[in-house]
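Written out below as structure tokens is the structure these notes cover.
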Amino acid sequence: TVPKEYLLPEINRRAVSDPDFNVEKLDKVSNNRVKTFLDKMHDVVMYEKVVTGTLESKTDTLVDDLLRIADLNDWPLKLINYPLCRLVIKENQYVSADPEFVIGNRKLSMVAIEDKHIKNVWKPNGFGETQIAVQIVACGNENIRATSKEEFINQTIFAMRVISTYVTFYKAVIPAEYWSEFDCGLPKVASVNVKRWPGENGKQEGLDLVEPDGRREVLGALIKIRQFLLRNEQPGTTIQNVTTNDNTDSGKEKSSS
């Protein structure tokens with residue numbers, strides 16, 4: 001269930017973008033955790049005006065709160081900050097991909113999160129999607145090395161991109177045969193199917209956390225992802241072979257090899 005105390009219909013972009021916005025003056029908000037989240041959201045919106053090249057620290061702390069609100073840091077799930085994810089190609093050759101956060105399910109990386117300042121993303125790199133694609137495959141590759149199984153198994157990995165307050169979800173289904181090709185180099189036959197939700201790609205095309213409907217959709221999606229992870233969590237096993245019909249399935253499809 002989406003926590004209603006965070007929906008607050010009167011809290012929208014117009015209210016939060018006001019320089020004089022003050023959570024201590026919100027008579028209808030008594031929960032201090034909610035106040036902190038709203039104040040961090042205000043910080044991010046005001047931070048949008050900062051020049052290119054600025055670090056994403058404000059967005060980082062907002063996303064950290066968001067993931068904890070959705071209980072994605074409660075065992076067996078674990079929130080990991082700035083983990084090293086390596087994509088190993090031809091034995092010792094590898095590419096490193098370091099997402100801001102990863103949600104681990106015991107030893108497995110199941111959700112990768114990348115956040116960006118709104119002025120630090122551009123169209124040539126798909127507004128950060130190229131980096132996300134590498135991170136998804138790198139997380140899956142780390143899972144291969146974490147498992148005790150001798151045979152490759154299908155993997156499902158989620159990702160979330162946050163540009164300022166705009167959130168986009170991704171779901172990747174990585175077939176088992178994809179991994180066997182890495183012994184010879186980059187895969188040329190098998191491919192990874194990645195679905196994006198919402199469907200459009202752009203700086204401000206995602207679900208907006210500042211708007212009540214956006215918060216409802218984002219929290220609802222994160223809760224469904226958590227339920228998916230817990231539903232498929234089995235002690236004693238490692239990589240899961242799973243499918244889902246959650247809302248994160250909707251939207252346009254991409255292929256990555």
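Numbered according to UniProt numbering, the sequence shown terminates at residue 257, and the numbering increases by one at each position without gaps. No residue lacks a Cβ here, since even glycine has one placed at the ideal position from N, Cα and C. Just so you know, these numbers come straight off a predicted model, no measurement behind them.
| Item | Value |
| --- | --- |
| Beta carbon proximity, D43 to chain D, threshold 9 Å | Included in the structure is just one protein chain, with no chain D present. |
| Where K78 sits in the DSSP three-state scheme | strand |
| Three-state secondary structure (DSSP) of I136 | helix |
| Three-way DSSP call (helix, strand, coil) for L7 in this model | coil |
| Three-state secondary structure (DSSP) of V192 | strand |
| Residues near E181 in its chain [Cβ-Cβ closer than 7 Å; skip 5 each side] | P187, K188, V189, A190 |
| Which of helix, strand or coil DSSP assigns to P235 | The predicted position of P235 is uncertain, since its pLDDT is 37 and thus under 50; a value taken from the coordinates is nonetheless stated next. Coil. |
| V16 - DSSP class collapsed to helix/strand/coil | helix |
| Residues sharing a beta bridge with S96, DSSP | R86 |
| DSSP-derived helix/strand/coil call for I144 | helix |
| Beta-bridge pairing of L207 - partner residues as DSSP gives them | V167 |
| Beta-bridge pairing of W197 - partner residues as DSSP gives them | F169 |
| Opposing strand residues paired with A221 [DSSP bridges] | None; A221 has no bridge partner. |
| Pairwise C-alpha distance: L229 and C85 | 20 Å |
| Sequence-distant residues of its chain with Cβ nearer than 6 Å to V173 (five each side left out) | T156, N193 |
| Whole-angstrom distance between R161 and G185, CA atom to CA atom | 28 Å |
| Coil, strand or helix - I174 by DSSP | strand |
| Host alpha helix (DSSP H) of I69 (start-end) | 57-69 |
| Endpoints, the alpha helix (DSSP H) within which D43 is located | 32-47 |
| Distance CB(K58)-CB(Y47) smaller than 9 Å | yes |
| N81 vs E100 beta-carbon contact at 9 Å | yes |
| Cβ neighbour criterion (16 or more within 10 Å) applied to T130 | exposed |
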